[in-house]
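Undergrad: In my numbering, the protein residues as written are 43 to 211.
All C-beta atoms, glycine included, are put in the ideal place defined by N, C-alpha and C.
Below: one structure in structure tokens.
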């Protein structure tokens, strides 16, 4: 779910301005999304334009279609990914403070059971919320493997929110 990352970014930016130190703190938003505002949903309305505009207004840089390669004391190594999945560029971003949202995974108790879960550990279900390989198993809620909206250079899952309820209905 990408929303909390945007929310956190703007909360930090607001707090830095409140403390009158924002001009001394460069900010870069790194995301797996193919564009700002994708949100795992291929955008909602004009989220791309609105979020890009706000980020520009607040002097926040961004890197899209990116993945974190490694994090060391004071530096994060980030790879920008081409449409074909190859590495376009590798950049080292210095930081004094950073926040990362790790990708969600299914629970360890069932992750890796062939035919029950996808590679991330979410339960595969059909239109009746039943697992095709194990028809006695039904799943609902955040444990369900919802397919992405479309291919992206860095995989972006659909947020497990109200959209999930609509997709299951």
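Would DSSP call residue 119 helix, strand or coil?
TA: Here the question's residue 119 lines up with position 77 in the chain shown. The answer is strand: DSSP assigns residue 119 an E or B state.
Undergrad: Give me the residue from 128, 77 and 112 with the minimum Cα distance to residue 105.
TA: In the chain shown, the residue the question calls residue 105 occupies position 63. Looking at 128, 77 and 112, the one whose alpha-carbon comes closest to that of residue 105 is 77.
Undergrad: Ends of the alpha helix (DSSP H) at residue 50?
TA: Position 8 of the chain shown, counted from the first residue, corresponds to residue 50. Residues 45-60.
Undergrad: Are the beta-carbon atoms belonging to residue 119 and residue 130 less than 9 angstroms from one another?
TA: Walking along the chain shown from the start, residue 119 turns up at place 77. Walking along the chain shown from the start, residue 130 turns up at place 88. Going by C-beta atoms, residue 119 is not nearer than 9 angstroms to residue 130.
Undergrad: At which residue ranges does the segment 127-201 contain complete beta strand (DSSP E) runs of 3 or more residues, listed in the order of the chain?
TA: Segments of the beta strand (DSSP E) lying fully in the segment 127-201: 129-136.
Undergrad: Within 10 angstroms of the Cβ of residue 73, are there 16 or more other Cβ atoms? Answer buried if so, exposed if not.
TA: Here residue 73 refers to the residue found at position 31 when the chain shown is read from its first residue. Buried, by the Cβ-count rule.
Undergrad: Quick one: complete beta strand (DSSP E) runs, 3+ long, within the segment 64-118?
TA: 69-72, 102-105 and 108-114
Undergrad: Determine the burial state of residue 51: buried for a count of at least 16 other Cβ atoms within 10 Å of its Cβ, exposed for fewer.
TA: Along the chain shown, one-based indexing puts residue 51 at 9. Residue 51 should be labelled buried.
Undergrad: Would you mind giving the Cβ-Cβ distance between residue 158 and residue 175, rounded to the nearest angstrom? I have them listed as a contact below 8 angstroms.
TA: Mapped onto the chain shown, residue 158 falls at position 116. Mapped onto the chain shown, residue 175 falls at position 133. Right, their Cβ atoms sit about 6 angstroms apart.
Undergrad: Smallest Cα separation from residue 48: which of 87, 113 and 81?
TA: For the purposes of this step, residue 48 is taken as the residue at position 6 of the chain shown. The candidate whose alpha carbon is nearest that of residue 48 is 81.
Undergrad: Would you decide whether residue 184 is buried or exposed? Buried here means 16 or more other CB atoms lie within 10 Å of its CB.
TA: Taking the chain shown and counting its residues from 1, one reaches residue 184 at position 142. Exposed.
Undergrad: Confirm, please, whether the CB-CB distance from residue 107 to residue 123 is below 9 angstroms.
TA: Within the chain shown, residue 123 is the residue found at index 81, counting from 1. Within the chain shown, residue 107 is the residue found at index 65, counting from 1. Yes, Cβ-Cβ distance for residue 123 and residue 107 is below 9 angstroms.
Undergrad: Is the distance from the Cβ of residue 103 to the Cβ of residue 68 below 9 angstroms?
TA: Reading the chain shown from its first residue, position 61 is the one you call residue 103. Reading the chain shown from its first residue, position 26 is the one you call residue 68. Taking a C-beta distance under 9 angstroms as the contact criterion, residue 103 and residue 68 qualify as a contact pair.
Undergrad: Give me the Cα-Cα distance between residue 188 and residue 97, rounded to the nearest whole angstrom.
TA: The sequence position of residue 188 within the chain shown is 146, counting from 1. The sequence position of residue 97 within the chain shown is 55, counting from 1. Their backbone Cα atoms lie some 30 angstroms apart in a straight line.
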